[in-house]
Amino acid sequence: MSWFPEKMLTVAPTLAAAIGLQEALLLQLLGDFRATHAGQTRDGFVWHSVALSQLQQCTPFWDNQQLQTLVASLHEKGLLLYRGGRIGSEAHFTFAFNEAAATQPAPSAAANSAATTLPATPVAAAAKTIDSGWQPSEDALRQLAQLGVSRDFAQSQLPQFTAYWRDRNVSRHSWESKFIKEVWRQWQQQVSQQQRRASEQTIGSDWQPSADAMRILVEQGAINRNFIDDAIPEFVLYWRDRGERSSTWDSKFISHIRHQWQHYCGLIENDHAPRLISADWQPNPAVYDVLEMANIERRFAEQLIPEFVLYWRESGKPQSSWSSKFLQFVKRQWARDNSPTVDKPNGQNHSQPSTRLRNRSFVDDLTDRSWAS
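So for the sequence shown, full-length UniProt numbering puts the first residue at 1; every next one is plus one.
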């Protein structure tokens, strides 16, 4: 049995050293196909089509992915042009060597003989800088179109592309391959931005955090549920007034609550012993920091201090943290004053009625949703 039942594959050593062994082998195999297959001249290049099964038969040591990688490598080096989708998606592989059609040797009868002389192999064009008037070929625009990139978009990227690379004075073998990659990247970014904008919306007056957001805050963050509920109106009001569009309202709300809760816990950590409120009581300055995070004006809070002190002095009931209780009072008053009013048939507007605040411990008082009338 012969050890050499098939045709030998030979590689030019100089070419292999220049572009890589596997790339050189594929290039010479395609050179064989070019010599035995008539081509069609289009866009200044001679295009050849070979059955993919025939190419695979000659290269059983490469799978489709490896072939695709080598073809892309030859294209990047400026040696090869190709059409169609990824290798394996079509029955034929259409290619052209990156050299002018006038220099392409026509297939001859001698090429169909049993001669073992290899056809001339194209060599890489010298690397050069980009010209100010450089234009992509029709084939490059068609390749981009196959990727879904519109012709207008591709051409709109041309001035920026040429200006960028002229400023850097970089030399390349194939500016077309670089242009295709850059335009494809810009196109993907644009599509991503359009999809993101399509999912963005303004916050509604009845917006509520999702169940997942509440689970993150309550179960994972150990944040009191009623503290979270109290913060919803101020959050909605702030973003509704600004008219901003977003697809991440839950994420914004989670960040908003975590920041407030951290300061809130710092406010009460040293407040434990119940005591009566004094006539000249003033909230801890940290209260105003938390209110500022809730976008509630300091002046609004200061106007409520006399009412707050009067009510609790008349009540005569001690509390563990007057600052935290005042903070809750201010936030609820702010939400009530800024909530939508309901139009009555007689033309009068009535806000939601308030109810009396019940005397509870600090933690239990978080469940209270209103203030004294």
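All C-beta atoms, glycine included, are put in the ideal place defined by N, C-alpha and C.
| Asked | Found |
| --- | --- |
| Pick from A231, Y311, R215 and A127 that is closest to R336, judged by C-alpha positions | A231 |
| Residue burial classification, F93 (beta-carbon count within 10 angstroms, cutoff 16) | buried |
| Selected residue, minimal CA-CA separation from L141, among K128, I180 and N169 | I180 |
| Beta-carbon spacing of T202, R245 below 9 Å | yes |
| Backbone CA spacing between H75 and G39 [nearest angstrom] | 19 Å |
| Span of the alpha helix (DSSP H), counted from its first residue to its last, around A213 | A211 to R215 |
| Cβ pair count under 8 Å reaching 3, the region 179-197 against the region 206-225 | no |
| Integer-rounded CB distance, given that L291 should sit under 8 Å from R298 | 7 Å |
| At least 3 beta-carbon pairs within less than 8 Å: the region 127-139 vs the region 169-179 | yes |
| Contact under 9 Å by Cβ, A12 with Q22 | no |
| Buried versus exposed, by CB contacts within 10 Å (16 or more), N98 | buried |
| W312 to I305 span [Cα, whole Å] | 11 Å |
| Of the residues A294, Q282 and L25, the one placed nearest E307, counting alpha carbons only | Q282 |
| Cβ-based neighbour list, T162, same chain, cut-off 7 Å, excluding 5 preceding and 5 following | I130, S132 and W134 |
| Rounded separation between G84 and Q189 - CA only | 23 Å |
| Rounded separation between A279 and P318 - CA only | 13 Å |
| Same chain, Cβ closer than 8 Å to M293, five either side skipped, listed in chain order | H256, H259, Q260 and H263 |
| Residue of C58, S49 and F329 minimising C-alpha distance to F227 | F329 |
| Alpha-carbon to alpha-carbon, A24 and Q54 | 18 Å |
| Length of the line joining the Cα atoms of L52 and L144 | 23 Å |
| Residue from A91, W165, Y82 and Y164 whose Cα sits closest to the Cα of E138 | Y82 |
| Buried versus exposed call for S321 [16 or more other C-beta atoms within 10 Å across all chains shown] | buried |
| Distance, D63 Cα to H37 Cα | 23 Å |
| Buried versus exposed, by CB contacts within 10 Å (16 or more), S199 | exposed |
| Short Cβ contact (9 Å threshold) for V236 with S205 | yes |
| Whole-angstrom C-beta distance between F45 and A96, which should lie under 8 Å | 4 Å |
| Where A273 falls, given that 16 or more other Cβ within 10 Å makes a residue buried | exposed |
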